[in-house]
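A short write-up of the structure that comes next.
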Amino acid sequence: MTDRLEFRGKWSDIIGPIWLMILAGIFTLGIAVPWAFISYRKRIMHLTYLQNQPLDYDGRGGEYFGELLIGFLLTLVTLGLYSTLGFYQARLLRYDVNHTILPDGRRLDFQIHGIDFFGQYLLIGFLSAITLGIYTFWGYARMRRFILEHTFVDQRPLRFDGTGGQFLGNSLVIFLLSVVTLGIYGILCAGNARIIHWDGEHTIVPIN
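Residue numbers (my numbering): 1 to 208.
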């Protein structure tokens, strides 16, 4: 048995945390960004529902700062390979996913190797280049599907059934609304809320 996630937030619910991350990056030279990011993730999870109950998130800013620092140092030591081959990205995503808790108390488990990320990035980058960027939208859906196929609950993977065409449609709507409102739609983070809602409704979670 499965069910889908439902994001019930609006732009007004996420504009504060998003702008806090931006301002933290500007005024603290990035030092406070991990704490702002964790605050943002908590807000998103508390507004995301499964079977009419909200998810939880128990990440901590200090821990995430540590993950960022370790990844940065490993990138330096390996002359950039740790990040280029996807290990840094996998490390941060693993922390984020593994601190996501379903309403029934079950914790998500991200199981992946960094080199697998590299393969996906390479393929998406290549296909986007030869299609003059058009494949980028299908690449986003492909990466979401790839990530969720490696995210488990009780050893069963989550699934994603969103398509690149749907993501392209959402992106066009966001672009047009941003143009019509002279950028206000984007500043208010309404587009972010729209994409988060789309991601959630196409995320399928094992229930029991």
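Heads up, the beta-carbon is just placed ideally off N, CA and C, and yes, glycines get one too.
Whole angstroms is fine: what's the gap from residue 109's alpha carbon to residue 9's? Taking the straight line joining both Cα atoms gives about 25 Å.
Alpha-carbon spacing of residue 31 relative to residue 94, whole angstroms: 21 Å
Inspect the beta-carbon positions of residue 85 and residue 114 and report whether they are closer than 7 Å. Less than 7 Å separates the beta-carbon of residue 85 from that of residue 114.
What are the complete alpha helix (DSSP H) segments, minimum 4 residues, inside the stretch 78–125? 81–84, 87–98
For the stretch 16–76, which segments carrying the alpha helix (DSSP H) assignment without a break, of at least 4 residues, lie completely within its bounds, in sequence order? As far as the stretch 16–76 is concerned, its whole alpha helix (DSSP H) runs of at least 4 residues are 33–46.
Mind reading off the beta-carbon distance from residue 96 to residue 61? Whole number of angstroms is fine, and I expect it under 8 Å. Not quite, the Cβ-Cβ distance comes to about 13 Å (not below 8 Å), so this is no contact.
Closer than 6 Å: residue 78 CB and nearest the ligand GTP heavy atom: As for the ligand GTP, it is missing from this structure, which has no ligand bound.
Do you know how far the Cα of residue 181 is from the Cα of residue 35? Rounded to the nearest whole angstrom, the C-alpha separation of residue 35 and residue 181 is 31 Å.
Is it buried or exposed for residue 52, if we count other Cβ within 10 angstroms and need 16 for buried? exposed
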